[in-house]
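The sequence shown begins at 1 in the UniProt record's numbering and counts up one residue at a time. For reference, the structure discussed in these notes is given below.
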Amino acid sequence: MLADVVPYLVCPVCGGDLALAERGLLCPSGHTFDIARQGYANLLPGNARPGTADTPEMVRARAGFLGAGHFDALAARLAASVARSVNGRCLVLDAGAGTGHYLARVLDRAPDAAGLALDISKHAARRAAKAHPRAGAVVADLWRPLPVRDGAAATVVNVFAPRNAAEFHRVLSPDGLLFTVTPSPRHLGTLVESLGLLSIDERKTERMDAALSGYFKFDSRQQIEGEAVLTHEEAATLVGMGPSAHHVPAERLWERLRPLPDPLPVPLSFVLSVYRRLE
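In structure tokens:
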């Protein structure tokens, strides 16, 4: 519930601590933010724009895909890894949480933790607010200062989402860990060529290490390999969840899908990386 994470939140306008007020959140300077009837709070500053935030259709498609269990092996590995790193009452921050699918799995394995789902899409936040009894959802832009107190999070989780190294460093506790999940160059296999998708940079993890290096030091890394048997509809949804979503028009994608088997086996390949916060 949102009430579980309010003690960790700050006003996006002035940085003051937020508290629950009648039907909203209030800071000492008088800035107020409504809590939607679905249970999430919108903490985007007034001049912020949602940009490429997920639409209702995209959120429904992603929720259905993840709910079908195609990424369960990834979710289980991530949840187990995060759960080993947290103890007692603490905050797990999912930056770019989407529907809260991965955060919910983490909280299942960390029974005393609260979870905060941040995403720029209000449609995703609606689902994330109901993803788990100990999860609260907030609409926020990961490229702006996060509406979270300094050192509030025991862990930051970042799955297929933008990485704001400076802000992740600020909101993490001194011994906090950052968990990232990215696709490997093997992800989707031959579908990349047959569907004309963007390929994954062979040096992606190396570049990520370098981008985080001023704030974090590399700790450990796991490769997660698997396969999903997908219908054409599911394959199109999966493409829409990645960097090719705005690269291959839907009509062109379906033209390339039709000659392929239905359903078809699709290789999955992910990199789960862990980083320690630098002092």
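C-beta atoms are modelled at their ideal positions from N, C-alpha and C, and glycine is treated no differently. Given the structure is predicted, the values throughout are model-derived calculations rather than measurements.
First and last residue of the uninterrupted alpha helix (DSSP H) at residue i
i: Lys204; result: Lys204 to Leu212
i: Glu167; result: Ala165 to Val171
i: Thr237; result: His232 to Gly240
i: Ala83; result: Asp72 to Ala83
i: Ala63; result: Pro56 to Gly67
i: Ala245; result: First-last for Ala245: undefined, no H or E at that position.
i: Lys122; result: Lys122 to Ala128
i: Ser194; result: Leu191 to Ser194
i: Glu279; result: No alpha helix (DSSP H) holds Glu279; DSSP gives it neither H nor E.
i: Ala250; result: Ala250 to Leu257
i: Val5; result: Leu2 to Val5
Cross-strand partners of residue i (DSSP beta bridge)
i: Phe179; result: Val157 and Val274
i: Arg221; result: Ser273
i: Gly98; result: For Gly98, which the question treats as bridged, DSSP gives no partner whatsoever.
i: Thr32; result: Leu26
i: Ala117; result: Asp94 and Ala137
i: Asn42; result: Val139
i: Ala228; result: Val266
i: residue 284; result: Residue 284 lies beyond the stretch modelled for the chain, which goes from 1 to 279, so this question has no answer here.
Where the beta strand (DSSP E) containing residue i begins and where it ends
i: Val139; result: Ala135 to Val139
i: Leu20; result: Ala19 to Ala21
Beta-carbon gap between residue i and residue j smaller than 9 Å
i: Thr99; j: Ala63; result: yes
i: Gly136; j: Met1; result: yes
i: residue 316; j: Tyr215; result: In this structure the chain extends from 1 to 279, so residue 316 is not present and cannot be described.
i: Leu268; j: His123; result: no
i: Ala79; j: Arg105; result: yes
i: Leu118; j: Val138; result: yes
i: Leu43; j: Leu9; result: yes
i: Ala95; j: Ala41; result: no
i: Pro12; j: Pro145; result: yes
Sequence-distant residues of its chain with Cβ nearer than 6 Å to residue i (five each side left out)
i: Leu66; result: His101
i: Ser121; result: Ala53 and Asp54
i: Thr180; result: Asn158 and Ser273
i: Gly196; result: Val248
i: Val5; result: Ala114, Leu116 and Gly136
i: Val59; result: His123 and Ala124
Spatial neighbours of residue i in its chain, beta-carbon cut-off 8 Å, leaving aside the 5 residues before and after
i: Cys14; result: Cys27, Ser29 and His31
i: Ala165; result: Ala211, Leu212, Gly214, Tyr215 and Phe216
i: Glu206; result: none
i: Arg258; result: His232
Cut-off 7 Å between Cβ atoms - residues of its own chain near residue i, not counting five sequence neighbours on either side
i: Ala228; result: His70, Val266 and Leu268
i: Ile200; result: Pro183, Ser184, Pro185 and His187
i: Ala73; result: Ile224 and Gly226
The ligand FAD heavy atom lying under 8 Å from the CB of residue i
i: Val138; result: The ligand FAD is not part of this structure, which contains no ligands at all.
Tell me, please, whether the stretch 125-133 touches the stretch 147-162 by the rule of three or more beta-carbon pairs shorter than 8 Å. Below 8 Å, too few C-beta pairs join the stretch 125-133 and the stretch 147-162 to call them touching: fewer than three.
Are the stretch 252-266 and the stretch 170-177 in contact at 8 Å, needing three or more beta carbon pairs? no
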